[in-house]
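K.L.:
Please find one structure pasted underneath; my questions will follow.
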Amino acid sequence: ALGSIIHRGYEDYRSELLMAMEGGVFEPRYDLALADARALAQQRLKAVMDTKLVTVRDLDVSPLLFFAAHEAVGTMDGSTGTKLTVQMNLFGGTLLRLGKA
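Sequential numbering of the sequence shown, starting at 1049, is according to the working numbering.
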């Protein structure tokens, strides 16, 4: 109930994405070496992208959904959220805009 107040809009989408981020590579891990923490964030990002619940095209088609994905992923793991931002916003957004006026 509190989530519907805090996260207005796209509650079903957020729920689906958060359910996809349960178990497996998303199990909490602590006291990792820096290289291992970076590798884990990359594995988690790949797992999120493999769900196909968020794509670079969402930036044009549905920006609120796009940023709802950022919020959900960043809440789950800040490192993965940062990697998602760099890959999707900076790299993907640049490619999406190439050739557009």
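Backbone N, C-alpha and C fix where the C-beta goes; we use that ideal spot for every residue, glycine too. All of these numbers come straight from a predicted model, not from anything done at the bench.
Less than 6 Å between C-beta atoms, sequence neighbours within five positions excluded: which residues of the same chain meet that for T1099?
P.N.:
To locate residue 1099, count along the sequence shown from 1; it is residue 51. Excluding sequence neighbours, T1099 sits near A1068.
K.L.:
Are the Cβ atoms of A1116 and R1062 separated by less than 7 Å?
P.N.:
Along the sequence shown, read from residue 1 onward, the residue named residue 1116 stands at position 68. Along the sequence shown, read from residue 1 onward, the residue named residue 1062 stands at position 14. Against a cut-off of 7 Å, the Cβ pair of R1062 and A1116 comes out as a contact.
K.L.:
Three Cβ pairs or more, each shorter than 8 Å: is that satisfied between the segment 1075-1083 and the segment 1102-1113?
P.N.:
The segment 1075-1083 is not in contact with the segment 1102-1113.
K.L.:
In angstroms with no decimal places, state the Cα-to-Cα distance between V1121 and K1148.
P.N.:
Numbered from its first residue, the sequence shown carries residue 1121 at position 73. Numbered from its first residue, the sequence shown carries residue 1148 at position 100. Cα-Cα distance, rounded: 29 Å.
K.L.:
Can you tell me where the alpha helix (DSSP H) holding G1072 begins and where it ends?
P.N.:
On the sequence shown, residue 1072 is found 24 positions in, with the first residue counted as 1. Taken as a continuous stretch (DSSP letters only), G1072 belongs to no alpha helix (DSSP H), as it is neither H nor E.
K.L.:
Helix, strand or coil for R1105, going by three-state DSSP, please let me know.
P.N.:
Sequence index remark: in the sequence shown, residue 1105 carries index 57 (1-based). If DSSP states are grouped into helix, strand and coil, R1105 belongs with coil.
K.L.:
Since D1125 is in the alpha helix (DSSP H), which residue starts that stretch and which ends it?
P.N.:
Your numbering for residue 1125 matches position 77 in the sequence shown. Taken as a continuous stretch (DSSP letters only), D1125 belongs to no alpha helix (DSSP H), as it is neither H nor E.
K.L.:
For T1142, report the span of its alpha helix (DSSP H) as first-last.
P.N.:
Against the sequence shown, residue 1142 aligns to sequence position 94. First-last of the alpha helix (DSSP H) with T1142: 1141-1145.
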